[in-house]
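**Student:** One structure is given below, represented as structure tokens, and several questions about it will come after.
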Amino acid sequence: AAGADAGSGKDGEDDADGEDAEDNLDGLPVEALELRDAIAEDQGSLADRTLPVYGITGEPTGETVTLPGRHFDVPLRVDIAHRVVVWQRSKRRGNYAKTLTRSEVSGTTRKARPQKGGGRARVGTLRAPQMRGGGVAHGPNGMRNWNTKLQRRVRRLGLQVALSAKAAEGRIVVVDSLHAGIEPKTQWLDNALDNLLGAQSLAAGGRAHSVLCAEIPPTAEQGALPGKRKCTRTGRKVPATHSNAKRASLNLPHVQVMDQFGLNVYDILKHRSLAVTRDALDALVARLDRPLKPDRAKWSAPQETPEPTEVLDWTSRGHIGEVDKEREKERIFKRRAAKKAGVTL
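Numbering (the working numbering), first residue to last: 1296 to 1640.
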């Protein structure tokens, strides 16, 4: 009975602590996030929005930035976001399933029994799949590739849909910097996020902030901290530079600071809030405005109209490919003749 009373008393203390924690969270400011209970009716109208710029500790700087509607107010296509997330998860999926075939499993190579005279079936090897302890037939061989292909325009549209979803929920905040004026301490950054985002950005359970921070990493001349990052091709750790916020967020489970070039649909949707620096926002908009095919502008430019004589020459010789072959032969002949004559073309 005493043990039961002690246990109930402990549960009562936990409940009291939880109520006190909820009371403390209710007092946190939420001015930086323009939260909405429902999606606006005019969402998807490609309308620009103006957001104030805050410091990392929550003080407004008095400046404003514009979120272009062509990237932050597109219609919310759940199907596009789902396709991009599945594509991302498939590329990250590892291939660990591997079984041993009859040639790879360890075992004896002796003959099980005489070939003839026993009245039983002949046995070639004891490592055959039908034998106990033998290899596996038609099992996974560790060579399966889960990667799928997805068009670049669909990937870009998925990123725009994810950004528009956060903007429609009012969970985007613009900060001036994630390096200058920040101490590379976990507790300091956690307190700063309390003042900047309040209780509305807390992850499930209400104990830690869930925010994705996009920045342009500082250089060594700007006082960046030495660190390491994982190479996307080899998977090895390579030297890199970290900002103060990046160093401080390494021990926060749901706070992720990354380069704006690495913003992706999965990470944006996984975190409850999105914090972007001013320079990272400009770079992100410029990256989304860049044409998918840089040569498309050259292709769309008006071409020179060929002369009628050249057109007649093409039609008389046949297909354009044959004309190209003939011209290449002429160039080779002239080059050889010039080489024999000692003349440089």
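Here a beta-carbon is modelled for each residue, glycine too, at the ideal position from N, C-alpha and C.
1. What does the alpha-carbon distance come out to for the pair ALA1462 and CYS1508?
2. Could you give the residue range of the beta strand (DSSP E) that holds TYR1349?
3. Check for me: the alpha helix (DSSP H) holding ARG1450 runs from which residue to which?
4. Measure the Cβ-Cβ separation of GLY1563 and VAL1449 and say whether it is below 8 Å.
5. From the DSSP output, in three-state form, read off GLY1357 for me.
6. Report buried or exposed for SER1340, applying the criterion of at least 16 other Cβ atoms within 10 angstroms of its Cβ.
7. Quick one: what's ILE1467 bridged to in DSSP?
8. As a quick exercise: from ARG1439, PRO1363, ALA1543 and THR1352, pick the residue whose alpha carbon is nearest that of GLY1522.
9. Would you kindly report the start and end of the unbroken alpha helix (DSSP H) that includes GLY1364?
10. In the DSSP assignment, what are the bridge partners of LYS1523?
11. With a 10 Å radius around its C-beta and 16 neighbouring C-beta atoms as the bar for buried, classify LYS1541 as buried or exposed.
12. Grab me the residues of VAL1431's own chain with a C-beta within less than 6 Å of its C-beta, minus the 5 sequence neighbours each way, in chain order.
13. Indicate the three-state DSSP secondary structure (helix, strand or coil) for ASN1436 in the structure shown.
14. My understanding is that LEU1497 touches THR1352, with C-beta atoms under 8 Å, so please give their C-beta distance in whole angstroms.
15. Ignore the nearest five residues each way along the sequence and tell me which others in ASP1574's own chain have a CB closer than 6 Å to its CB.
16. If you drop the 5 nearest sequence neighbours on each side, which residues of the same chain put their C-beta closer than 8 Å to that of LYS1532?
17. With a threshold of 8 Å on Cβ separation, who are the neighbours of ARG1378 within its own chain once the five nearest residues in sequence on each side are excluded?
18. Assuming contact is defined by CB atoms lying nearer than 8 Å, are VAL1469 and LEU1488 in contact in what I supplied?
19. Could you give the first and the last residue of the continuous beta strand (DSSP E) run that contains ALA1416?
20. What number of angstroms, rounded off, separates the C-alpha of PRO1479 from the C-alpha of VAL1400?
21. Where does PHE1367 land, buried or exposed, given buried means 16+ other C-beta within 10 angstroms?
**Tutor:** According to the structure data:
1. Mapped onto the sequence shown, residue 1462 falls at position 167. Mapped onto the sequence shown, residue 1508 falls at position 213. C-alpha separation (whole angstroms): 15 Å.
2. As a working note, residue 1349 is residue 54 in the sequence shown. According to the DSSP assignment, TYR1349 belongs to the beta strand (DSSP E) that extends over 1344-1349.
3. By 1-based counting over the sequence shown, the position of residue 1450 is 155. Run containing ARG1450: 1447-1464, per the alpha helix (DSSP H) assignment.
4. As a working mapping, residue 1563 is identified with position 268 in the sequence shown. As a working mapping, residue 1449 is identified with position 154 in the sequence shown. Sequence check: residue 1563 is Ile here, not Gly. In terms of Cβ geometry, ILE1563 and VAL1449 do not form a close pair [threshold 8 Å].
5. The residue given as residue 1357 occupies position 62 in the sequence shown. Three-state DSSP puts GLY1357 in a strand.
6. Indexing the sequence shown from 1 puts residue 1340 at position 45. With fewer than 16 other Cβ atoms within 10 Å, it is exposed.
7. Stepping through the sequence shown from its first residue, residue 1467 is reached at position 172. According to DSSP, which records beta bridges pairwise, ILE1467 is partnered with LEU1569.
8. Position 227 of the sequence shown, counted from the first residue, corresponds to residue 1522. The candidate whose alpha carbon is nearest that of GLY1522 is ALA1543.
9. Position 69 of the sequence shown holds residue 1364. Looking at the DSSP string, the run of the alpha helix (DSSP H) that includes GLY1364 is 1364-1367.
10. Looking up residue 1523 in the sequence shown gives position 228. LYS1523 pairs with PRO1534.
11. To locate residue 1541, count along the sequence shown from 1; it is residue 246. By the 10 Å Cβ count, LYS1541 comes out buried.
12. Translated into positions along the sequence shown, residue 1431 becomes position 136. Excluding residues up to 5 positions away in sequence, THR1394 lie with their Cβ nearer than 6 Å to the Cβ of VAL1431 in the same chain.
13. The residue labelled residue 1436 in the question sits at position 141 within the sequence shown. If DSSP states are grouped into helix, strand and coil, ASN1436 belongs with the strands.
14. Along the sequence shown, one-based indexing puts residue 1497 at 202. Along the sequence shown, one-based indexing puts residue 1352 at 57. LEU1497 to THR1352, Cβ: 18 Å. No contact.
15. Translated into the one-based positions of the sequence shown, residue 1574 becomes position 279. Take ASP1574, set aside five residues on each side of it, and the residues of its chain with a beta-carbon closer than 6 Å to its own are ILE1511, in chain order.
16. Stepping through the sequence shown from its first residue, residue 1532 is reached at position 237. These residues qualify, in order along the chain: LYS1523, ARG1524, LYS1525 and CYS1526.
17. Counted from its first residue, the sequence shown places residue 1378 at position 83. Here the set comprises LEU1445, VAL1449 and GLY1453.
18. By one-based count along the sequence shown, residue 1469 stands at place 174. By one-based count along the sequence shown, residue 1488 stands at place 193. No, Cβ-Cβ distance for VAL1469 and LEU1488 is not below 8 Å.
19. Translated into the one-based positions of the sequence shown, residue 1416 becomes position 121. For ALA1416, no beta strand (DSSP E) run applies, since DSSP gives it neither H nor E.
20. Position 184 of the sequence shown, counted from the first residue, corresponds to residue 1479. Position 105 of the sequence shown, counted from the first residue, corresponds to residue 1400. Spanning the two alpha carbons is a distance of roughly 52 Å.
21. Working through the sequence shown from its first residue, we reach residue 1367 at position 72. With 16 or more Cβ atoms within 10 Å of its Cβ, PHE1367 is classed as buried.
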